[in-house]
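> In our numbering, the protein residues as written are -5 to 329. Note that beta-carbon positions come from the ideal geometry of N, C-alpha and C, so glycine has one too.
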Ligand code: HEC
Ligand SMILES: [Cu+2]
């Protein structure tokens, strides 16, 4: 065995790094991005399949290793060939067929149980490079449009209609349920039934260009009454609290922000970027990138491309400090 300079053999190195790798892997199992968090009925159903799959495959693997060890040690003899053939037919053909059939049926039944639930609400989610447009069908006059944060009522099934306006993306909020592709010109359906309140993380899970790794979102699960109150608040235009920031609003309009952004109640009606009507009610800026603070908004506006390389919004490095302060005060008032 090769001994390295510091007296560490490849085996001692393995002994050091394997537990380390395990710690890193397992630390991903808790928290807001983990499908083991059990925050959704669908995630729990997938977890219920996962453990039998894992234990079953460990047993099969062990059995195969035992047979391999026996085959390696026992010398060939006449009777061995007959036994060997029986092992191949039963262990290599019949048993795997039965096991795979059982797994297939279990998987299909789980999938079918998701589709069978009648949704209490429907949301449309459009993926764009590199953010999420969220539209609630609040069967009122106009649909409620938000971005980068999805709020859902606890204990109710939500149907997500997933589509994309540019390239293929993929929607994945692991703590709540499965992953689903978002394909231009197609609408894919995903149902989520959150069972725990809290804020859970989601990501785009299909490479979609430059800022793909910065295309995240939050799923906030609320008590049903709190959710209804939040939804009717979202349906309203920007309130007097925001509109009283007249100078900030005029910086917003003069700089041309309204060409890409909508702020209902101000005449700004752009659809290229996220709806900002209730911007500061969200936890984060830039699709999960920065916490929602006034300082971060200023940084986002003046150094957009530095904060999120590749972003489809121009930076405004030349806004004078005073105008910038007024602008961010206006944006922070968009609750
Ligand atoms: C050419 C179109 C365009 C213009 C003009 C524009 N934006 Fe944007 N803006 C975008 C796009 C696209 C995004 C989404 C970027 C992302 O997250 O990848 C965005 C994101 C934002 C966000 C973050 C929203 C969120 O929910 O995360 C804020 C805040 C914002 N813009 C403010 C402004 C302000 C203020 C101005 C004017 C000074 C402005 N934008 C001008 C296109 C534009
Ligand atoms: Cu992506």
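(1) State the DSSP-derived secondary structure class of residue 128, mapped to helix, strand or coil.
(2) Got a list of residues with beta-carbon closer than 6 Å to any non-hydrogen atom of ligand 2, in chain order?
(3) Looking only at its own chain, which residues have a Cβ that is under 6 Å from the Cβ of residue 231, when we skip the five neighbours before and after it?
(4) Using a Cβ-based criterion (distance less than 8 Å to any ligand heavy atom), does residue 302 qualify as near ligand 1?
(5) What does DSSP give as the partner residue(s) for residue 56 in the beta ladder?
(6) Ligand 1 and residue 246: does any heavy atom of the ligand fall closer than 8 Å to the residue's C-beta?
(7) Strictly by DSSP, which residues pair up with residue 256?
(8) Which residues does DSSP pair with residue 152 in a beta bridge?
(9) Would residue 185 and residue 146 qualify as a contact pair, given that the criterion is a beta-carbon distance under 9 Å?
(10) On a Cα-Cα basis, can you pick out the residue from 164, 227, 78 that is closest to residue 138?
(11) Near residue 119, what residues of its chain come up, given a Cβ to Cβ distance below 8 Å and the 5 sequence neighbours on each side ignored?
(12) Can you tell me which of 262, 233, 261, 28 puts its alpha carbon nearest to the alpha carbon of residue 272?
(13) I'd like to confirm something about residue 297: is its beta-carbon nearer than 8 Å to some heavy atom of ligand 1, or not?
(14) On a Cα-Cα basis, can you pick out the residue from 238, 275, 197, 284 that is closest to residue 229?
(15) Which class does residue 242 belong to by DSSP, given the choice of helix, strand or coil?
(16) Does ligand 1 have even one heavy atom less than 8 Å from the beta-carbon of residue 280?
(17) For ligand 1, I want to know if residue 267 counts as a neighbour, meaning its beta carbon is within less than 8 Å of at least one of the ligand's heavy atoms.
(18) Indicate whether residue 303 and residue 149 have their beta-carbon atoms separated by less than 9 Å.
(19) For residue 318, collect the residues of the same chain with a Cβ closer than 6 Å to its Cβ; drop the 5 residues on either side in sequence, then sort them by chain order.
(20) Classify residue 212 as helix, strand or coil using the three-state DSSP reduction.
(21) Does the region 95 to 110 come within contact of the region 237 to 248, defined as at least 3 CB pairs closer than 8 Å?
(22) Under three-state DSSP, which class holds residue 29?
(23) From 192, 162, 197, pick the residue whose C-alpha is nearest to that of residue 283; which is it?
(24) Secondary structure at residue 163, three-state DSSP: helix, strand or coil?
(25) Classify residue 122: buried if its beta carbon has 16 or more other beta carbons within 10 angstroms, exposed otherwise.
(26) From which residue to which residue does the beta strand (DSSP E) around residue 87 run?
(27) CB of residue 241 to nearest heavy atom of ligand 1: below 8 Å?
(28) Keeping to the same chain, check which residues put their C-beta closer than 7 Å to that of residue 322; ignore five residues upstream and five downstream.
(29) On the premise that residue 194 lies in contact with residue 167, defined as a C-beta separation below 8 Å, what is that separation, rounded to the nearest angstrom?
(30) Look up residue 298 in the DSSP assignment and say whether it is helix, strand or coil.
Here's the rundown:
(1) As a working note, residue 128 is residue 134 in the chain shown. Collapsing the DSSP output to three states places residue 128 in a strand.
(2) This criterion selects 163, 198, 200, 201, 202, 206, 209.
(3) On the chain shown, residue 231 is found 237 positions in, with the first residue counted as 1. So the qualifying residues of the chain are 258, 259.
(4) Reading the chain shown from its first residue, position 308 is the one you call residue 302. In terms of side-chain proximity, the C-beta atom of residue 302 is found nearer than 8 Å to a non-hydrogen atom of ligand 1.
(5) Walking along the chain shown from the start, residue 56 turns up at place 62. Under DSSP, residue 56 shares a beta bridge with no residue.
(6) Within the chain shown, residue 246 is the residue found at index 252, counting from 1. True, at least one ligand heavy atom lies under 8 Å from that Cβ.
(7) Start at 1 with the first residue of the chain shown, and residue 256 comes out as number 262. Residue 256 has 263 as its beta-bridge partners, per DSSP.
(8) The residue you call residue 152 lines up with position 158 of the chain shown. As DSSP reads the structure, residue 152 sits in a beta bridge with 115, 186.
(9) Taking the first residue of the chain shown as position 1, residue 185 is located at position 191. Taking the first residue of the chain shown as position 1, residue 146 is located at position 152. Residue 185 places its beta carbon 9 Å or farther from that of residue 146.
(10) Taking the chain shown and counting its residues from 1, one reaches residue 138 at position 144. Out of 164, 227, 78, 227 has the C-alpha closest to the C-alpha of residue 138.
(11) Along the chain shown, read from residue 1 onward, the residue named residue 119 stands at position 125. Closer than 8 Å at Cβ, skipping near neighbours: 126, 127, 128, 129, 144, 154, 155, 156, 157, 165, 176.
(12) Locating residue 272 in the chain shown gives position 278, where the first residue counts as 1. Nearest option by C-alpha distance: 233.
(13) By 1-based counting over the chain shown, the position of residue 297 is 303. Taking non-hydrogen atoms of ligand 1 into account, the C-beta of residue 297 is found less than 8 Å away from none of them.
(14) Here residue 229 refers to the residue found at position 235 of the chain shown. Looking at the Cα atoms, 275 is the closest of the given residues.
(15) Locating residue 242 in the chain shown gives position 248, where the first residue counts as 1. It is helical.
(16) On the chain shown, residue 280 is found 286 positions in, with the first residue counted as 1. Within the cutoff, so yes.
(17) In the chain shown, residue 267 corresponds to position 273, counting from 1. Flag set: Cβ of residue 267 near ligand 1.
(18) To locate residue 303, count along the chain shown from 1; it is residue 309. To locate residue 149, count along the chain shown from 1; it is residue 155. No, the pair does not count as a contact, with Cβ atoms beyond the cut-off.
(19) In the chain shown, residue 318 corresponds to position 324, counting from 1. Here residue 318 has 292 as same chain residues with Cβ atoms under 6 Å from its own Cβ, once five neighbours each way along the sequence are excluded.
(20) The residue given as residue 212 occupies position 218 in the chain shown. Correct three-state label for residue 212: strand.
(21) Judged by Cβ distances under 8 Å, the region 95 to 110 makes no contact with the region 237 to 248, as fewer than three pairs qualify.
(22) Taking the first residue of the chain shown as 1, we reach residue 29 at position 35. In this structure, residue 29 counts as coil in the three-state DSSP scheme.
(23) Along the chain shown, read from residue 1 onward, the residue named residue 283 stands at position 289. Per the C-alpha coordinates, the member of 192, 162, 197 positioned closest to residue 283 is 197.
(24) Along the chain shown, read from residue 1 onward, the residue named residue 163 stands at position 169. Looking at residue 163 - three-state DSSP - the assignment turns out to be strand.
(25) To locate residue 122, count along the chain shown from 1; it is residue 128. So residue 122 counts as buried.
(26) On the chain shown, residue 87 is found 93 positions in, with the first residue counted as 1. Per DSSP, residue 87 belongs to no beta strand (DSSP E) and is neither H nor E.
(27) Working through the chain shown from its first residue, we reach residue 241 at position 247. Residue 241: no, Cβ never under 8 Å from ligand 1.
(28) On the chain shown, residue 322 is found 328 positions in, with the first residue counted as 1. The answer, listed in chain order, is 288, 291, 292.
(29) Taking the first residue of the chain shown as 1, we reach residue 167 at position 173. Taking the first residue of the chain shown as 1, we reach residue 194 at position 200. Between the beta-carbon of residue 167 and that of residue 194 there is about 6 Å, and that keeps the pair under the 8 Å contact cut.
(30) The residue given as residue 298 occupies position 304 in the chain shown. The answer is helix: DSSP assigns residue 298 an H, G or I state.
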